[in-house]
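Accompanying notes for the structure given below.
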Amino acid sequence: MLVSLFRAAKDCLKQVQDRCDRDRSRGTFQEARRRSLKALAFAMLGAVMLSAPAAHAQQSSGYTMNEIVDAGSNFFGTASKGLATGIENIFSSYGQPNGYVLGQEGSGAIIGGLTYGEGTLFTKNAGDHTIYWQGPSFGWDFGASGSKVMILVYNLNTVNDVYRRFAGVAGSAYVVAGLGFNVMGNNDVLIVPIRTGVGARLGVNMGYLKVTPSPTWNPF
Numbered sequence: 001m002l003v004s005l006f007r008a009a010k011d012c013l014k015q016v017q018d019r020c021d022r023d024r025s026r027g028t029f030q031e032a033r034r035r036s037l038k039a040l041a042f043a044m045l046g047a048v049m050l051s052a053p054a055a056h057a058q059q060s061s062g063y064t065m066n067e068i069v070d071a072g073s074n075f076f077g078t079a080s081k082g083l084a085t086g087i088e089n090i091f092s093s094y095g096q097p098n099g100y101v102l103g104q105e106g107s108g109a110i111i112g113g114l115t116y117g118e119g120t121l122f123t124k125n126a127g128d129h130t131i132y133w134q135g136p137s138f139g140w141d142f143g144a145s146g147s148k149v150m151i152l153v154y155n156l157n158t159v160n161d162v163y164r165r166f167a168g169v170a171g172s173a174y175v176v177a178g179l180g181f182n183v184m185g186n187n188d189v190l191i192v193p194i195r196t197g198v199g200a201r202l203g204v205n206m207g208y209l210k211v212t213p214s215p216t217w218n219p220f
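By the UniProt record's numbering, the letter at position 117 of the sequence shown is numbered 117, and the numbering carries on one by one without gaps.
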C-alpha cells in the first residue's frame, strides 16, 4: 500500500511540474509559481504519510521501562523491591526489549545440575506463546531452588528466533534485593533472565539455556 501511495504521489508531482513548465513557456509566471508551491506542499505531505507508519511500527514493537517494571512488579509481588533498579541497569546497557517471558523454573546442584522452566513469551506484534527452557548449570551452586523467572528478550525478529541455545553466565551475576540478573546470548539475540526463589544459589554458574516450543527433559 505504501508503494502505491508513493507512486501515485510521484506521478501527480510529475503532472504538476509538466503543467508548470507549460505555463512558464506561455509567460504565465504567477500560475506556474502557484502550482509549484502546491506541488511542494503535496510532496511534503506524502513524505510524512509514508514515514509515519514505519516510525510508529518501529516504536511500538519495543517495551518501555515502565511497562517492564509494571509487568515484573505484578508478577514477582513482594519480591520486586529491587526490580526497578535492576531493570534500569539493563535498559541503560541494552535499551528496550521487544519481548519478555513470565514463567516458573526449577533447578538444583551441588557442583553441576539441571535447570527446567516453562513460561509465556509476550510480544507486541507476534502474539503470546508458551515456551520451555532447559539446560545444565555448572559451577559453585549449592542447594536447590524453585523460582519465578522473568526473561527480557532482545533483537527478536520472529518468534522462532528464540528457539536456540543461549550461553552466558547463569545464576547470580549480580543481585539486587533478592533478584538475580544475568545476560545470555546467541548471535544477535539476547535474553536477560531475572530470578527470585526460595533456594540458595551462590556464586557464578557457567552454563546455557536451550529454549524450545515444546517440553523436553533433554537439556542438550
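Ideal placement from N, C-alpha and C gives every residue a C-beta, glycine not left out.
So, residue i versus residue j, is the Cβ gap smaller than 8 Å?
i: residue 86; j: residue 183; result: no
i: residue 104; j: residue 149; result: yes
i: residue 223; j: residue 123; result: A question about residue 223 goes unanswered here, because the residues of the chain that appear run from 1 up to 220.
Please report how far the alpha carbon of residue i lies from the alpha carbon of residue j, in whole angstroms.
i: residue 136; j: residue 208; result: 6 Å
i: residue 178; j: residue 163; result: 28 Å
i: residue 120; j: residue 132; result: 9 Å
i: residue 84; j: residue 73; result: 9 Å
i: residue 61; j: residue 165; result: 24 Å
i: residue 63; j: residue 93; result: 15 Å
i: residue 218; j: residue 211; result: 11 Å
i: residue 75; j: residue 90; result: 18 Å
i: residue 185; j: residue 82; result: 24 Å
i: residue 129; j: residue 88; result: 26 Å
i: residue 117; j: residue 106; result: 6 Å
i: residue 71; j: residue 168; result: 25 Å
i: residue 213; j: residue 97; result: 20 Å
i: residue 161; j: residue 151; result: 15 Å
i: residue 134; j: residue 187; result: 19 Å
i: residue 194; j: residue 113; result: 19 Å
For the beta strand (DSSP E) that residue i lies in, which residues bound it at each end?
i: residue 179; result: 179-181
i: residue 127; result: Taken as a continuous stretch (DSSP letters only), residue 127 belongs to no beta strand (DSSP E), as it is neither H nor E.
i: residue 186; result: 184-186
Could you check if residue i is buried or exposed, using at least 16 other CB atoms within 10 Å of its CB as the buried criterion?
i: residue 215; result: exposed
i: residue 196; result: buried
i: residue 147; result: buried
i: residue 180; result: buried
i: residue 220; result: exposed
i: residue 66; result: exposed
i: residue 221; result: With the chain represented from 1 up to 220, any question about residue 221 goes unanswered, as that position is not in the structure.
i: residue 95; result: exposed
i: residue 77; result: exposed
Round the Cβ separation of residue i and residue j to the nearest angstrom and send it over; I've been treating them as touching at under 8 Å.
i: residue 156; j: residue 192; result: That pair is no contact at about 12 Å.
i: residue 153; j: residue 101; result: 7 Å
Can you name the start and end residues of the alpha helix (DSSP H) that residue i belongs to?
i: residue 75; result: 65-76
i: residue 157; result: Segment: none, residue 157 is in no alpha helix (DSSP H) and carries neither H nor E.
i: residue 237; result: For the chain, the structure presents residues 1 to 220; residue 237 sits outside this window and is missing.
i: residue 91; result: 83-94
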